[in-house]
Structure formats: C-alpha cells, structure tokens
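In full-length UniProt numbering, the protein residues as written are 1 to 188.
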C-alpha cells in the first residue's frame, strides 16, 4: 500500500522522490540553496513539476549553479542558454540568475554564508505548520513578504513573496507537509 502524501504530488516517481526525500527537509548548503532559489525563480508562471523534469539540464547549463562561474557569464553565454531546449529559455530569468549570483556572493561574504543569512529569517530552525489540507496552505506569508522585500532591496530578481514561500517550503525553512502526509511522522 502506498503511503499518504501531500495532495500536490503526482504519480511520477521523480516527483514522488522529490517530495519524499527533498521537499521540506532542512537544507543548509549555500550552493544548493542558491540553486533551489534560482530554480524557484525559473518556475514563475510554470509548474514546479516542469522545472523538476528539467533540473539536471539546468544544472549542466548553469555550471552546477556555481555562483563564482555564473557571475562571469557574458552575452555569448546568455545566447547559448537561450538556445538550450533543456531549460526555460526566458532572457529575463537567465539574466536574473547572473545578477543574483553576484548578490549571493556579496551576501555570503557579508554574512559568513548564504545559508546563515537566509536561515536567520526563521531564527535558524524550521517553522512547523499544521495544515490539514493543501487548501489551507498559504501562497505567501508575512515572513516571505519580508524576505522578498530585503532580497529585492539588495537587487535580486525573481524573488517575489510567492516564489520565496515556495523556496522556504522546499528548503525546509517551513515544514508544510499536511498532517495526513507520512513525512510528518517519517513512517511509510
């Protein structure tokens, strides 16, 4: 018998593995947080499932989301990315990743780490919510509003409140597994 999962999960083994093994698990690795934030930005107007299916292509195209390499991207690299059918070919989103890479480096330098800075918004520990159904889960919160405002002020792009709340859920800053989901208890 299959365990009960959050209602947003479809039947694709890739999506099931993402839900069971990644989504909502606290993530503290700077570069992985940067990757996740950039992918959430790429999702704007699309579904996470679409992005998840392209994640490996994104990693390959964007040098494993190494910000030190991405900040060096020039017009030729942008044109190469615009021709890559394995990723979302949106010039504004591609440019945002390049812009955000520099801001990531600045934040990491000023704060000691990108993870430390972002996790500071939740006092370093996950917020555990108790939603009975997916319909109860908000698209954004005052906390994601605040994080969005600060990151936008620093110059980051594609970091609206809804994108940031999805990022907070995915990175485990917020645990929004519904109460019926087996990930709440860790039992299958």
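The C-beta atom is built at its ideal place from N, Cα and C for all residues, glycine as well.
Segment contact flag, the stretch 83-97 with the stretch 39-58, C-beta cutoff 8 Å, min 3 pairs: yes
Specify the secondary structure class of residue 16 as computed by DSSP and reduced to three states. helix
So, for residue 35: in the same chain, excluding its five sequence neighbours on each side, which residues have a beta-carbon less than 7 Å away from its beta-carbon? 65
According to DSSP, which residues form a beta bridge with residue 202? No statement about residue 202 is possible, as the shown extent of the chain runs from 1 to 188 and does not include it.
Excluding sequence positions up to five away, which residues of its chain have a Cβ less than 6 Å from the Cβ of residue 156? 100 and 103
Please tell me whether residue 117 and residue 138 are closer than 8 Å, where the distance is taken between their beta carbons. no
Chain-order list of residues whose beta-carbon lies under 8 Å from that of residue 41 (same chain, five-residue window excluded): 93, 96, 97, 100, 157, 158, 159 and 163
If I measure Cβ to Cβ from residue 37 and keep anything under 6 Å in the same chain, skipping five residues before and after, which residues do I get? 167
Please tell me whether residue 30 and residue 135 are closer than 8 Å, where the distance is taken between their beta carbons. no
What three-state label does DSSP hand residue 9 in the structure shown? coil
Are there 16 or more other CB atoms within 10 angstroms of the CB of residue 82, so buried, or fewer, so exposed? exposed
Along the alpha helix (DSSP H) that carries residue 65, what are the first and last residues, could you check? Taken as a continuous stretch (DSSP letters only), residue 65 belongs to no alpha helix (DSSP H), as it is neither H nor E.
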